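Protein sequence lines correspond, in order, to chains U and Z.
Counting from 49, one number per residue, gives the positions in the first sequence under the working numbering.
Counting from 49, one number per residue, gives the positions in the second sequence under the working numbering.
2 protein chains.
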Amino acid sequence: MAKKIEVRAPDTEIAFGVLPELIGYQLRLAQIAIFRDFETTLGALDITPGLFGVLVIIEANPDLKQTTLAKATHLDRSTVVSVIDSLEKRALVERRAAENDRRSNALRLTPAGTALLKKLKRQVALHEKRLAGNLNDQERATLVRLLRKILPEHR
Amino acid sequence: MAKKIEVRAPDTEIAFGVLPELIGYQLRLAQIAIFRDFETTLGALDITPGLFGVLVIIEANPDLKQTTLAKATHLDRSTVVSVIDSLEKRALVERRAAENDRRSNALRLTPAGTALLKKLKRQVALHEKRLAGNLNDQERATLVRLLRKILPEHR
DNA sequence: TATTGTTATACTCTATAACTATA
DNA sequence: TATAGTTATAGAGTATAACAATA
């Protein structure tokens, strides 16, 4: 009788215990995969998923103040300072004086920021398409819907 | 005619542009929410989702070597060194001499590690239940299945 | 030559606490 | 008193490059 052939390489013969059934674990893996694909696609432009989100939010909310941005991104106020510092250094965002409140900054994209974001959006669309390559439109919508359902707002 | 009442607080009147339609963005939000819930549940035990995964994998693969663990966790070999350093310092894991290869370490949970992991698994089950509180069994299974589909192995 | 684990080092992302200037 | 932004600082988590021991 022929011996069973070992199909998998030794290093991949690994048991993952309970992990594969955990939402948190699968989410983690998906996140890693997405981050790496994002990096491959957009790495040359030196933008992470987080920075992309910040640019989109600033564009969609002209004269946004930093504290509001912090809430929207789930970041601390102090973290936003350094994020905006770096985007301002790259001349993608500017801090203007807010009209009503002299404590606040009013954030805006510079023309360069707007131009870059336009390019980024095209790249992100390709990235999304690649990610969702195995999903049909309905599955894609379902995935987004189910992900929303686990957020605390919906609990 | 009565004026329309503004339901949301000023700070939440924020536009998110294209973000809510992006799988990557929803995944990011879900990840943040999960990490925070995990921390709340398991913070006292000083274990992150990543460390939990490492413990599970070591338990499920006795005498695992570090390089294999690195592949399984998507971490660099050098990163695994410090992860195991810290788990060893906490007496949860031990590095034994491997039998066939004097370069390798054979990783094992200590009795304390096994005991802690048992406790962790119970907590993680509660955590998962809370996360999936809004999902029925079928939705939960669908979510896991769709998440798997976006991993590179399935592309 | 290649692999295993290690070290030294550094970078990114993030938060906390204390400060200042306004409100 | 409370809020907006800032600074100084620190911690977690990660990677790269070079190395010694072993295969």
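Where a beta carbon is used, it is the ideal one built from N, C-alpha and C, also for glycine.
As the structure is a prediction and not an experimental result, all values here were calculated from the model.
> Between the Cα of Val128 of chain Z and the Cα atoms of Z:Lys166, Z:Ile105, Z:Tyr73, which residue gives the shortest distance?
Replying inline: Z:Ile105
> Who are the neighbours of Gln114 of chain Z on chain U, taking C-beta pairs under 7 Å?
Replying inline: Ordered by position in chain U, no residue passes the 7 Å Cβ test against Gln114 of chain Z, which lies about 12 Å from the chain.
> What separation, rounded to the nearest whole angstrom, lies between the Cα atoms of Ile62 of chain U and Thr115 of chain Z?
Replying inline: 12 Å
> Hey, how far is the Cα of Gly91 of chain U from the Cα of Leu99 of chain U?
Replying inline: 12 Å
>> Tell me which residues of the segment 136-156 of chain Z have at least one Cβ-Cβ distance to chain U shorter than 8 Å, keeping chain order.
In response: none
>> In chain order, what are the residue ranges of uninterrupted beta strand (DSSP E) at least 3 long that sit wholly in the segment 86-145 of chain U?
In response: 141-145
> So, is the C-beta of Glu176 of chain Z closer than 9 Å to a C-beta in chain U?
Replying inline: yes
> Just curious, the alpha helix (DSSP H) that Arg170 of chain Z is in, first and last residue?
Replying inline: 159-179
> If we count the other Cβ atoms within 10 Å of its Cβ and call it buried at 16 or more, is Gly72 of chain U buried or exposed?
Replying inline: buried
>> Using the Cβ count rule (16 or more neighbours within 10 Å means buried), how would you classify Leu174 of chain Z?
In response: exposed
>> DSSP has Arg156 of chain U in a bridge; who is on the other side?
In response: U:Glu142
>> Just to confirm the assignment, what range does the alpha helix (DSSP H) spanning Leu70 of chain Z have?
In response: Premise fails: Leu70 of chain Z is in no alpha helix (DSSP H) and is neither H nor E.
>> On the CB-based measure, 16 or more other CB atoms within 10 Å of its CB, does Glu201 of chain Z come out buried or exposed?
In response: exposed
>> For a contact defined as C-beta to C-beta under 8 Å, what are the partners of Val104 of chain Z on chain U?
In response: Phe64, Gly65, Val66, Leu67
>> Between the alpha carbons of Leu155 of chain Z and Asp149 of chain Z, how many angstroms are there, rounded?
In response: 13 Å
> Who are the Cβ neighbours of Ala146 of chain U in its own chain at under 8 Å, not counting the five residues just before and after it?
Replying inline: Asp111, Lys113, Ser152, Asn153, Ala154
>> As a quick exercise: from U:Asp85, U:Leu75, U:Val102, U:Val66, pick the residue whose alpha carbon is nearest that of Arg193 of chain Z.
In response: U:Leu75
> Can a CB atom of chain Z be found closer than 9 Å to the CB of Gln171 of chain U?
Replying inline: no
> Can you name the residues of chain U whose CB is closer than 9 Å to the CB of Leu183 of chain Z?
Replying inline: Ile71, Leu194, Lys197, Ile198
> What number of angstroms, rounded off, separates the C-alpha of Val66 of chain Z from the C-alpha of Thr96 of chain U?
Replying inline: 16 Å
> To which residues of the same chain is Arg170 of chain U closer than 6 Å at the C-beta, ignoring the five residues directly before and after it?
Replying inline: none
> How would you label Pro58 of chain Z, buried or exposed, when you count the other beta carbons within 10 angstroms and need 16 or more for buried?
Replying inline: In this predicted model, Pro58 of chain Z has a pLDDT of only 48, less than 50, meaning its place in the structure is not dependable; the value taken from the coordinates is given anyway. When all chains shown are included, Pro58 of chain Z counts as exposed.
>> Just to make sure I have the definition right: I need the residues of chain U whose C-beta is within less than 7 Å of the C-beta of Gly101 of chain Z. Which are they?
In response: Leu67, Tyr73
> Using a beta-carbon distance below 9 Å, is Glu87 of chain U in contact with chain Z?
Replying inline: no
>> Starting from Glu187 of chain U, trace the alpha helix (DSSP H) in both directions and tell me its first and last residue.
In response: 185-197
> With a cut-off of 8 Å, do at least 3 Cβ pairs link the segment 176-189 of chain Z to the segment 158-167 of chain Z?
Replying inline: no
>> Considering only the alpha carbon of each residue, which of U:Val102, U:Phe86, U:Lys197 lies closest to Lys178 of chain U?
In response: One detail in the question is off: residue 178 of chain U reads as Arg in this sequence, not Lys. Answer by Cα proximity: U:Phe86.
> In three-state DSSP terms, what is Glu54 of chain Z?
Replying inline: Summary for Glu54 of chain Z: the model assigns pLDDT 36, below 50, so the residue's position carries little reliability; its value from the coordinates is reported in the next sentence. Three-state result, Glu54 of chain Z: coil.
> For Leu199 of chain U versus Leu77 of chain Z, is the C-beta spacing smaller than 9 Å?
Replying inline: yes
> Can you find a C-beta in chain U that's less than 9 Å from the C-beta of Thr158 of chain Z?
Replying inline: no
> Can a CB atom of chain U be found closer than 9 Å to the CB of Arg125 of chain Z?
Replying inline: no
>> Can you check which of these residues, U:Thr88, U:Glu136, U:Ser126, is closest to Pro159 of chain U by C-alpha distance?
In response: U:Glu136
>> So Thr190 of chain U contacts chain Z; which residues on that side make the cut at Cβ distance below 7 Å?
In response: Thr190, Leu194
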